[in-house]
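Colleague: Residue numbers (this note's numbering): 2 to 330.
We put the beta carbon where it would ideally sit given N, CA and C, even for glycine.
Being a predicted model, the structure only gives us computed values, none of them experimental.
(1) Measure the alpha-carbon distance for residue 127 versus residue 82 and round it to whole angstroms.
(2) Based on DSSP bridge pairs, tell me the residues matched to residue 129.
(3) My parser needs the alpha helix (DSSP H) runs of 4 or more residues fully inside the region 286-327; what are they?
(4) Is the region 54-67 in contact with the region 26-36, if contact means three or more CB pairs nearer than 8 Å?
(5) If you run the structure through DSSP and keep just helix, strand and coil, what is residue 3?
(6) Should residue 268 go down as buried or exposed, given a rule of 16 or more other Cβ atoms within 10 Å for buried?
(7) Within 10 Å of its beta-carbon, does residue 199 have 16 or more other beta-carbons around it, so buried, or fewer, so exposed?
(8) Does the region 246-258 come close enough to the region 293-306 to have 3 or more Cβ pairs within less than 8 Å?
(9) What do you get for residue 78, buried or exposed, if any count of 16 or more other CB atoms within 10 angstroms of its CB means buried?
(10) Taking the alpha-carbon of residue 266 as reference, which of 288, 322 and 147 has the nearest alpha-carbon?
(11) Nearest by alpha-carbon distance to residue 129: which of 204, 144, 118 and 121 is it?
(12) Among the candidates 111, 46, 25 and 106, whose CA atom is the shortest distance from the CA of residue 75?
(13) Where do the ends of the alpha helix (DSSP H) carrying residue 69 lie?
(14) Could you tell me whether the region 60-76 touches the region 17-32, using the rule of 3 or more Cβ pairs below 8 Å?
(15) Taking C-alpha atoms, which residue in 236, 175, 172 and 193 lies nearest to residue 181?
(16) Considering only C-alpha positions, which residue in the set 288, 328 and 306 is nearest to residue 135?
(17) According to the neighbour-count rule (16 or more other Cβ atoms, all chains shown, within 10 Å of its Cβ), is residue 140 buried or exposed?
(18) State the DSSP-derived secondary structure class of residue 194, mapped to helix, strand or coil.
(19) Would you list, in sequence order, the uninterrupted beta strand (DSSP E) runs of no fewer than 3 residues that lie entirely inside the region 207-285?
(20) Please classify residue 160: does DSSP put it in a helix, a strand, or coil?
(21) Could you tell me the distance, in whole angstroms, from the CA atom of residue 281 to the CA atom of residue 85?
(22) Give the secondary structure of residue 48 by DSSP, where H, G and I count as helix, E and B as strand, and everything else as coil.
(23) Should residue 243 be labelled buried (16 or more other beta-carbon atoms within 10 Å of its own) or exposed?
(24) Between the alpha carbons of residue 162 and residue 104, how many angstroms are there, rounded?
(25) Over the uninterrupted beta strand (DSSP E) stretch that includes residue 176, give me the two end residues.
Take a look at the structure:
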């Protein structure tokens with residue numbers, strides 16, 4: 002199969018492109034940032050071809066032209082700005098334009114090119130505070146977005162589903178959970194790295210980490226996320242009984258557990274749980290998310306997450322030991 006992927010130079014995109022190419026699929030990455038040389042070298046070992054095209058999701062004509070040239074079977078739209086509060090204050094309009102108008106442009110391109118399927122890479126951010134109020138968090142719980150990222154993902158997801166209804170397009174949305182893992186680095190469009198990434202960086206630098214809480218939730222490893230998006234993208238239309246799916250882990254563990262393992266592997270790394278004002282490790286919220294229910298995805302595609310805490314730790318630290326400079330960025 003052939004895939005057109007926006008936002009493919011970020012950490013989820015790199016893992017997704019690698020997973021698809023490893024299955025023999027061809028991937029055209031459309032992004033305004035070039036591929037890391039290290040990732041490009043890795044892609045060279047795949048049976049499928051990965052190519053990068055420089056482009057902005059706000060340039061609708063260019064995106065449509067490149068999509069048409071790619072002859073893609075599936076359009077996966079993952080381009081997004083994930084801001085912190087400071088960027089939200091300074092760049093509210095730009096964030097909303099990229100995240101939401103960029104999605105409309107992607108949908109228009111897919112519609113005009115007759116692309117067979119459109120996958121919108123959404124986020125559990127659409128749940129807002131519901132993700133902490135419910136456990137498990139099913140796709141049907143109330144959506145309560147509040148900040149610009151949550152609102153833009155909420156709006157974009159609903160716009161995508163409206164395109165499905167208006168234009169009879171095969172559009173699906175997949176809401177990614179608390180994702181972390183290999184190839185997570187500072188791209189300039191994601192202001193807060195995951196807690197596993199931040200603590201791994203501290204461990205590599207033999208620093209003392211102060212957590213504001215234990216951080217107990219269903220942390221999902223990025224390779225599971227890549228496999229889940231692939232499962233949804235490749236499923237036959239008759240298999241899919243829903244239009245919105247959670248993608249998360251069935252394993253619940255804490256960042257304190259993660260730090261215990263880091264301390265055993267990296268001599269000199271220490272940590273403690275302090276107050277939010279003392280903490281040098283940031284979380285997206287003070288309260289932990291509930292477990293995101295993934296039964297829809299499992300029942301319709303057969304996908305089951307493979308990476309618990311230990312499996313993710315071994316894979317992620319092995320990658321980090323090979324690319325320490327990326328982690329330390």
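Modeller: Let's see:
(1) Each residue's CA atom was taken as its position, placing residue 127 and residue 82 some 14 Å apart.
(2) In the DSSP output, where bridge partners are listed per residue, residue 129 has 145.
(3) With a minimum length of 4 residues, the continuous alpha helix (DSSP H) runs that stay inside the region 286-327 are 296-302 and 310-323.
(4) Yes: the two stretches touch, three or more of their Cβ pairs being nearer than 8 Å.
(5) Here DSSP, grouped into helix, strand and coil, assigns residue 3 to strand.
(6) Looking at its Cβ environment, which holds fewer than 16 other Cβ atoms inside 10 Å, residue 268 is exposed.
(7) Under this definition residue 199 is a buried residue.
(8) The region 246-258 is in contact with the region 293-306.
(9) So residue 78 counts as buried.
(10) Comparing C-alpha distances from residue 266 to each of 288, 322 and 147 shows the shortest one belongs to 322.
(11) Residue 144 is the option with its Cα nearest to residue 129.
(12) The residue from 111, 46, 25 and 106 with its alpha-carbon nearest to that of residue 75 is 111.
(13) Residue 69 -> alpha helix (DSSP H) spans 61-71.
(14) A contact exists between the region 60-76 and the region 17-32.
(15) Taking the Cα of residue 181 as reference, the smallest distance to any Cα among 236, 175, 172 and 193 is reached at 193.
(16) Residue 135 has its Cα closest to that of 288, out of 288, 328 and 306.
(17) Burial is judged here by how many other beta carbons sit within 10 angstroms of a residue's own beta carbon; residue 140 has at least 16 and is buried.
(18) Under the three-state reduction of DSSP, residue 194 is assigned to coil, being neither helix nor strand.
(19) Taking only runs of at least 3 residues, the beta strand (DSSP E) segments lying wholly in the region 207-285 are 209-212, 245-248 and 271-274.
(20) Residue 160: helix per DSSP, three-state reduction.
(21) Cα to Cα, residue 281 sits roughly 15 Å from residue 85.
(22) Under the three-state reduction of DSSP output, residue 48 falls in the coil class, being neither helix nor strand.
(23) Classification for residue 243: exposed.
(24) Between the alpha carbons of residue 162 and residue 104 lies a distance of about 11 Å.
(25) Boundaries of the beta strand (DSSP E) harbouring residue 176: 172-177, taken from the DSSP string.
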